[in-house]
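Asks: Terminal number for the sequence shown in the numbering used here: 254, no gaps in between. No residue lacks a Cβ here, since even glycine has one placed at the ideal position from N, Cα and C. This one's a predicted model, so the numbers in the text were calculated from it and none came from an experiment. The following block contains the structure, expressed as structure tokens.
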Amino acid sequence: ERRGVERRGEERRAGRWRQGVNEELRKMRRRDEGSTRTNSDVANHAEDEKEHGKLFAYSGPGSVWSDITRTASVTTSETKFLVHPHIAEFYCFLTSPAYLLPCSLWWSSTSSLPTCFHVALIFCAQTAFFSLIYHATVMKALGSLDAAQAVMTFYTVSLILAGVLDMKVHLVVIAVLCSLFVYNWRKTAKLSIYLTSLVVPYSMYTLWINGEWLADVVFVVGVASFLLDRYRCIPLHSLWHACAAFTCHRCCQLGMKLHVLH
-7 ERRGVERRGE ERRAGRWRQG VNEELRKMRR RDEGSTRTNS DVANHAEDEK EHGKLFAYSG
53 PGSVWSDITR TASVTTSETK FLVHPHIAEF YCFLTSPAYL LPCSLWWSST SSLPTCFHVA
113 LIFCAQTAFF SLIYHATVMK ALGSLDAAQA VMTFYTVSLI LAGVLDMKVH LVVIAVLCSL
173 FVYNWRKTAK LSIYLTSLVV PYSMYTLWIN GEWLADVVFV VGVASFLLDR YRCIPLHSLW
233 HACAAFTCHR CCQLGMKLHV LH
């Protein structure tokens, strides 16, 4: 009986020793795997940490290219590639050309337009284009371009609505926005919301006092759709496209009425 107790004690000690050896081997393997990660792995890991606010930037070799070609970390809640095998977010892709609606002023206007109006309409067309290709691919770099172009469009249209027709002022604002987006191109989702929130209230107020209450209501519906989609409640980002395009069109029309045709 004493021998059996001793044997069981030796087996337990041997088991603990083997467990310790296996744990050390696992640690060594993890260290080896960590030392052989590729530049792409390091860049993606750094980007994941940065997206959660742990890092401000990562400048390791290969990081820029991997960031450009990777899938965007913030996308709509629409199921990807559900309708078409080559279009990631089909309904957002389908409604992106709605941003071309303000461009109809090029044909409907009977008077010459200031330069800033032409810039605003070109920006609307570019917003439609970048939104179209971004929602087809959900690539990070295209998402940043889409966000930057949309914000510059909002600012240009808001300045026109405020009666600022001096192209020098528009160029300064565009340069500042470009600098912000180039510097923060890896994380543009929150930046876009913050910047847009600075000009939208005044534009909505201007629309309201000039009788464009329908444009305000439509824009509020669009913002609600955007937020419901962002918080993964209902995939309504495509409705945001239509509402934002309609409001932008009415802003351009009102800006022309107040400051060009007066």
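1) My parser needs the alpha helix (DSSP H) runs of 4 or more residues fully inside the segment 132 to 188; what are they?
2) To which residues of the same chain is Lys249 closer than 7 Å at the C-beta, ignoring the five residues directly before and after it?
3) Rounded to whole angstroms, how far is the Cβ of Leu169 from the Cβ of Tyr194, which I believe are closer than 8 Å?
4) Residues bridged to Thr63 by DSSP?
5) How many angstroms separate the CA atom of Thr68 from the CA atom of Arg224?
6) Closest by CA to Lys132, which one among Phe109, Lys179, Phe73?
7) Just mark Thr239 as buried or exposed, buried being the case when its beta carbon has 16 or more other beta carbons within 10 Å.
8) Check this for me: beta carbons of Ile152 and Ala117, under 8 Å apart or not?
9) With C-beta atoms as the reference, is Ala207 less than 8 Å away from Ala90?
10) How many angstroms separate the CA atom of Phe109 from the CA atom of Arg242?
11) Under 8 Å, with one C-beta from each stretch per pair, do the segment 152 to 168 and the segment 118 to 125 reach the 3-pair mark?
12) By the 10 Å Cβ neighbour count, where 16 or more other Cβ atoms means buried, how is Gly247 classified, buried or exposed?
13) Cα separation between Leu157 and His78?
14) How many Å lie between Asp138 and Glu81 at the Cα?
15) Less than 8 Å between the beta carbons of His233 and Ser123, yes or no?
16) For His110, which three-state DSSP category applies?
17) Rounded to whole angstroms, what's the CA-CA distance from Leu253 to Ser217? Just pull it up for me.
18) Kindly indicate which three-state DSSP category His78 falls into: helix, strand or coil?
19) Assuming Ile177 contacts Ser136 under a Cβ cut-off of 8 Å, what Cβ separation, rounded to an integer in Å, is found between them?
20) Where do the N-terminal and C-terminal ends of the alpha helix (DSSP H) with Val213 fall, by residue?
21) Excluding the 5 residues preceding and the 5 following Leu220 in the sequence, name in chain order all residues of the same chain whose CB lies nearer than 7 Å to its CB.
22) Do you know offhand how far Ser88's Cα is from Val174's?
23) Following the continuous alpha helix (DSSP H) through Phe238, name the residue where it begins and the one where it ends.
24) Which residue's Cα is closest to the Cα of Thr186: Met144, Val75, Tyr197, Arg8?
25) Tell me whether Ser96 is buried or exposed, calling it buried when 16 or more other Cβ atoms sit within 10 Å of its Cβ.
26) Which of the three DSSP states, helix, strand or coil, is assigned to Glu70?
Replies: Let me spell this out:
1) Taken in chain order, the complete alpha helix (DSSP H) segments of 4 or more residues contained in the segment 132 to 188 are 132 to 153, 159 to 175.
2) There are no such residues.
3) Incorrect: roughly 17 Å between the Cβ atoms, too far for contact.
4) Looking at the DSSP assignment, Thr63 forms a beta bridge with Met131.
5) Cα-Cα distance, rounded: 8 Å.
6) The shortest Cα separation from Lys132 among Phe109, Lys179, Phe73 belongs to Lys179.
7) Buried, by the Cβ-count rule.
8) No.
9) Going by beta carbons, Ala207 and Ala90 fall outside the 8 Å limit.
10) Between Phe109 and Arg242, the C-alpha separation is close to 13 Å.
11) No, they do not touch.
12) By the neighbour-count rule (16 or more Cβ atoms within 10 Å), Gly247 is buried.
13) Distance between the alpha carbons of Leu157 and His78: 42 Å.
14) Straight across, the Cα-Cα distance linking Asp138 with Glu81 is about 14 Å.
15) Yes.
16) Three-state DSSP puts His110 in a helix.
17) Cα to Cα, Leu253 sits roughly 34 Å from Ser217.
18) Looking at His78 - three-state DSSP - the assignment turns out to be coil, as it is neither helix nor strand.
19) As written in the sequence, residue 177 is Trp, which differs from the Ile given in the question. Confirmed, Cβ separation roughly 5 Å.
20) Its alpha helix (DSSP H) spans residues 205 to 222.
21) Around Leu220: Ile226, Leu228.
22) For Ser88 and Val174, the distance between alpha carbons rounds to 23 Å.
23) Bounds of the alpha helix (DSSP H) holding Phe238 are 229 to 251.
24) A small fix is needed here, since residue 186 is Tyr in this sequence, not Thr. Closest option to Tyr186, Cα to Cα, is Met144.
25) Exposed.
26) Correct three-state label for Glu70: coil.
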